[in-house]
């Protein structure tokens, strides 16, 4: 008697060779898997998100910096965190300590939200190319409305407009070009020999 070890699943088979990660700019409805308070080596503070789409694609290490290294608020980050809170209906964030090095924002975890994500191409310090995924704009997952559209009770339009013009951001360092030797084909009649 043979034991069955696999049963064919066409949906799973079609996913073979595809990345399990969000690798393209676009609008995604995601569930927040983790929202972790982080401090960079320079002292800047962020909330780092890990998210997953409905079809199982993930994005990790999405940082929104809320405080600069001098501990003053980072207005862009504070605005973005508040927009996310507004889109999911969270009024305040708390800290849940998991261990000495891990502090979470539990109010975000498990929440569904729409995010316009932008791929940023980068060059690592070793010269290899990499990319990051950054949040451009959050939106209400169920309606595709931005927070402003939700508050003003107007139809969702901003996300589709944003995505229509969204492109990857390129922050790669240009590799230095070698010195090009220029060929001088002009004859100089003043040459004495």
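Residue numbers (my numbering): 11 to 203. Note that beta-carbon positions come from the ideal geometry of N, C-alpha and C, so glycine has one too.
### Task
Closer than 7 Å by C-beta to residue 49: which residues in its own chain qualify, once you throw out the five before and the five after it? Chain order, please.
What you label residue 49 is simply residue 39 of the chain shown in a count that begins at 1. Only 55 meet the Cβ criterion.
### Task
Compute the beta-carbon to beta-carbon distance between residue 62 and residue 40, rounded to the nearest angstrom, for a pair I have assumed lies under 8 Å.
One-based indexing of the chain shown puts residue 62 at position 52. One-based indexing of the chain shown puts residue 40 at position 30. Cβ-Cβ separation between residue 62 and residue 40: approximately 6 Å, consistent with a contact (criterion under 8 Å).
### Query
Are residue 131 and residue 141 closer than 8 Å when you measure CB to CB?
Residue 131 sits at position 121 when you count from the first residue of the chain shown. Residue 141 sits at position 131 when you count from the first residue of the chain shown. Yes, Cβ-Cβ distance for residue 131 and residue 141 is below 8 Å.
### Task
Going by CA-CA distance only, name the one from 161, 149 and 97 that's closest to residue 172.
Here residue 172 refers to the residue found at position 162 of the chain shown. Out of 161, 149 and 97, the CA that lies nearest to the CA of residue 172 is found in 149.
### Task
Go to residue 171, then tell me how far its beta strand (DSSP E) extends in each direction, as first and last residue.
Position 161 of the chain shown holds residue 171. DSSP places residue 171 in no beta strand (DSSP E) but in the uninterrupted alpha helix (DSSP H) bounded by 168-175.
### Task
Taking residue 35 and residue 129 to be in contact with their CB atoms under 8 Å, please state how far apart those CB atoms are, rounded to whole angstroms.
Sequence index remark: in the chain shown, residue 35 carries index 25 (1-based). Sequence index remark: in the chain shown, residue 129 carries index 119 (1-based). So it is a contact: roughly 5 Å between Cβ atoms.
### Segment contact, 8 Å Cβ cut-off, at least three pairs: the region 106-115 with the region 132-139
In this structure the region 106-115 does not lie against the region 132-139, because fewer than three pairs of beta carbons, one per stretch, are closer than 8 Å.
### Query
Does the distance from the C-beta atom of residue 98 to that of residue 76 stay below 8 Å?
Numbered from its first residue, the chain shown carries residue 98 at position 88. Numbered from its first residue, the chain shown carries residue 76 at position 66. Their beta carbons are not under 8 Å apart, which means residue 98 does not touch residue 76 by this criterion.
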